[in-house]
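Visitor: In the working numbering, the protein residues as written are 5 to 401. Glycine included, each C-beta is placed from N, C-alpha and C at the ideal position.
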Amino acid sequence: MTAVTKTLAAGAAMAGVTLIAACAGGNVPLPPPGTSASCTAPDGLGLIIGAHRDVPAPQPSATMQCELQKAIRNHEPVFIVIADGQPSAHELSLIQVTGGTKAGRAARIAEDVRIALADISKARPSNVGVDDLAALDIAGDEAHSLKRPHATLILADSGLDDRGALNFARAGMLAARPGDVTGQLKSYGEDPHLSGMSVILSGIGFVAPPQTPLPVSLRANLTSIWQAVIASSGGKVTAVDPDPVSGPSVRTPFAVNRVPVPAQVPVHPGPGKTIVFNAASPVSFVANTAEFLDPAGAQHALSPIGHWLAANPNGRATITGTTMNYGSYAGQVRLSFARARAAEKVICLAGASPDQLKVRGVGSHFPQYKRPDKAADGSPLPAAALANRSVRIRLAP
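1. If you draw a straight line from the C-alpha of A75 to the C-alpha of T256, how long is it?
2. Cα separation between G200 and R152?
3. May I ask you to list the residues that DSSP assigns as paired with V350?
4. Considering only the alpha carbon of each residue, which of A180, S253, F172, V263 lies closest to L126?
5. Looking only at C-alpha atoms, which of V290, V249, D165 sits nearest to P264?
6. Suppose contacts are defined by Cβ-Cβ distances below 9 angstroms. Is L226 in contact with F281 by that definition?
7. By the three-class DSSP mapping on this structure, what secondary structure does K378 have?
8. In three-state DSSP terms, what is G193?
9. How is R118 classed by DSSP in three states: helix, strand or coil?
10. May I have the straight-line CA-CA distance separating E194 from G335, to the nearest angstrom?
11. Judging by CA-CA distance, which residue of F210, E115, F289, G176 is the nearest neighbour of R57?
12. For H154, which option in V241, A389, Q268, A356 has the closest C-alpha, if you only look at C-alpha atoms?
13. How about L72 and P60: do their beta carbons lie closer than 9 angstroms?
14. Taking the alpha-carbon positions, what's the A150 to L218 distance?
15. Residues in the same chain with beta-carbon distance under 8 angstroms from P62, minus the five sequence neighbours each way, listed in chain order, please.
16. Are there three or more Cβ pairs, one per stretch, closer than 8 angstroms when the stretch 336-348 is compared with the stretch 311-326?
17. Return the bridge partner residues of N392 from the DSSP annotation.
18. Following the continuous alpha helix (DSSP H) through F220, name the residue where it begins and the one where it ends.
19. Who does G325 pair with in a DSSP beta bridge?
20. Anyone know if the C-beta pair for G176 and A315 falls short of 9 angstroms?
21. Any idea what DSSP makes of P35, helix, strand or coil?
22. So does A232 have its beta carbon nearer than 8 angstroms to some heavy atom of the ligand FAD?
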């Protein structure tokens, strides 16, 4: 990927920090003393700002404010990347505060931070779409051009790219296994250049209308995908900002494509019914494990089956775990059986007797298997892979 960099020239001395347009007054407050987030002194700071449709307007977190304040105090370069469909880097021009009294320098730094935050809040896209992957790559290139190979990058966006190599508007991408995603990016040379850099994730998976909100399991998987992509590219995710973001998106004429989010269908058990939970459902798992991505969501989805079996002592159910065609068949069977067992435990906790349940793991050998679920190069086809990674519960007639 090629970085497109726009450097904003310094204006008059009073400009302090400049970004895109003239700076607004200092009406963005800093956290009160003692309440700001802990952070390290960054070796250069890159802020990747998602200011587009379908995500909340930019809201600098306490972590971002802390990193920004330390970078300005230490005279480190600060730049932002506007994460639209064609991201570009904008370097901030900071006044080097070295003279004067200690109180005067502190006041100047605080004013610079306020001005920078006010300008970040005014960030707007210049193109349709969003491509956070390209924005990360551009941020890495910009840090190297500033001779800051160990810079800190903050990705403050939903992470829901609608184009490029990590296009989540494609069916099944939200539930893709992180390792599959990184393997495919590497095979096509699309992974960003982040070796030696630290990355903070902020706002991943949080959206604004009309984008459909992500359930906890898909938001967790999306975060895992970004963590894997960054690690595979040589970077290190040092923090995932725990604070959710909300509110309307910015007003802009530039559209983004909505990411499809599977509807969560209520479970209504009954004789003869087959209930299927695929990898986009609440009954989904951490890659290559039988650990639920969202234990509470899995319990909510599976409990009605346990309740129904408890109310119908003669009822019986077969729980079948399935996988896509990946790795050895023996490994597929072990994994699919372990996942079926995990579902069984939840159903029993909801009132079913173990005697009412039969558990199987069949890997990729089952009648509803969708072919193909891999491309010619061996990379998964997201929609088919999503359907094939499932837990299927058949209630006896």
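Guide: Based on what the coordinates show:
1. Taking the first residue of the sequence shown as position 1, residue 75 is located at position 71. Taking the first residue of the sequence shown as position 1, residue 256 is located at position 252. C-alpha separation (whole angstroms): 30 angstroms.
2. Numbered from 1 along the sequence shown, position 196 holds the residue referred to as residue 200. Numbered from 1 along the sequence shown, position 148 holds the residue referred to as residue 152. Here the alpha carbon of G200 sits roughly 10 angstroms from the alpha carbon of R152.
3. Taking the sequence shown and counting its residues from 1, the one referred to as residue 350 is at position 346. In the DSSP output, where bridge partners are listed per residue, V350 has none listed.
4. To locate residue 126, count along the sequence shown from 1; it is residue 122. For the sequence presented, residue 126 should be read as Lys rather than Leu. With distances taken between Cα atoms, K126 lies closest to S253.
5. Reading the sequence shown from its first residue, position 260 is the one you call residue 264. It is D165.
6. For this step, residue 226 is matched to residue 222 along the sequence shown. For this step, residue 281 is matched to residue 277 along the sequence shown. Cβ atoms of L226 and F281: not closer than 9 angstroms.
7. Residue numbering aside, residue 378 sits at position 374 when the sequence shown is read from its first letter. K378: strand per DSSP, three-state reduction.
8. Within the sequence shown, numbered from 1, the residue matching residue 193 stands at position 189. Three-state result, G193: coil.
9. Translated into positions along the sequence shown, residue 118 becomes position 114. Helix at R118.
10. For the purposes of this step, residue 194 is taken as the residue at position 190 of the sequence shown. For the purposes of this step, residue 335 is taken as the residue at position 331 of the sequence shown. Distance between the alpha carbons of E194 and G335 is about 29 angstroms.
11. The residue you call residue 57 lines up with position 53 of the sequence shown. Nearest of F210, E115, F289, G176 to R57, Cα basis: F210.
12. Here residue 154 corresponds to residue number 150 of the sequence shown, with the count starting at 1. Taking only the C-alpha atoms, the option nearest H154 is V241.
13. What you label residue 72 is simply residue 68 of the sequence shown in a count that begins at 1. What you label residue 60 is simply residue 56 of the sequence shown in a count that begins at 1. Taking 9 angstroms as the Cβ cut-off, L72 and P60 do not qualify as a contacting pair.
14. Looking up residue 150 in the sequence shown gives position 146. Looking up residue 218 in the sequence shown gives position 214. The question names Ala, but residue 150 in the sequence shown is Leu. Distance between the alpha carbons of L150 and L218: 37 angstroms.
15. Here residue 62 refers to the residue found at position 58 when the sequence shown is read from its first residue. Once the five neighbours on either side are set aside, the close Cβ partners of P62 are I53, G54, A55, I124, S125, A127, A160, V254.
16. yes
17. Translated into positions along the sequence shown, residue 392 becomes position 388. Partner(s): none; N392 has no beta bridge.
18. The residue labelled residue 220 in the question sits at position 216 within the sequence shown. This sequence places Val at residue 220; Phe is not what is there. Residues 220-236.
19. Position 321 of the sequence shown holds residue 325. Bridge partners of G325: G365, V395.
20. Taking the sequence shown and counting its residues from 1, one reaches residue 176 at position 172. Taking the sequence shown and counting its residues from 1, one reaches residue 315 at position 311. No. Outside cutoff.
21. Taking the first residue of the sequence shown as 1, we reach residue 35 at position 31. Reliability fails at P35, whose pLDDT of 38 lies under 50, so the model's placement of it is uncertain and no value is given.
22. Absence of the ligand FAD is noted for the structure shown, with no ligands found whatsoever.
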